[in-house]
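Engineer: Encoded as C-alpha cells, here's the structure I'll be asking about.
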C-alpha cells in the first residue's frame, strides 16, 4: 500500500443535533493528529469538499495566496471547476 488511511466516523446513537455539533470537531482532531504524525489530510484524490474547511491544518495563508494566484493566471474568468476550492 501507499500509506493512505480512509476514516469513516460512525454516528452511533447520537442525535442529529449533537452529531452535527461534534463531527467537525472530531474531523479536525483527526486531521491535527495526522499532521502531528507527519501525514497529510489528502490521499490519491487530493483535497475534496469534505477536507476544504480543514485545509488550514496543513497550509498557511501564503499557500492559499499562491494557489489563488495560479488559479487567476490560468483561469482569469473563473470558469474552470466552478464552485470548487481553486
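Residue numbers (my numbering): 51 to 136.
C-beta atoms are modelled at their ideal positions from N, C-alpha and C, and glycine is treated no differently.
1) Could you compute how far the alpha carbon of residue 79 sits from the alpha carbon of residue 86?
2) Which residue or residues does DSSP assign as beta-bridge partners of residue 96?
3) Output the boundary residues of the alpha helix (DSSP H) element that contains residue 123.
4) Could you work out which residue in 125, 132, 53 is closest to residue 88 when comparing CA atoms only?
5) So, with DSSP's three-state summary, where would you put residue 71?
Structural biologist: Walking through what the data contain:
1) Near 11 angstroms, if we compare the C-alpha coordinates of residue 86 and residue 79.
2) Paired residue(s): 93.
3) Taken as a continuous stretch (DSSP letters only), the alpha helix (DSSP H) holding residue 123 covers 111-124.
4) Taking each of 125, 132, 53 in turn and checking the Cα distance to residue 88, the smallest one comes out for 53.
5) Residue state, collapsed to three classes: helix.
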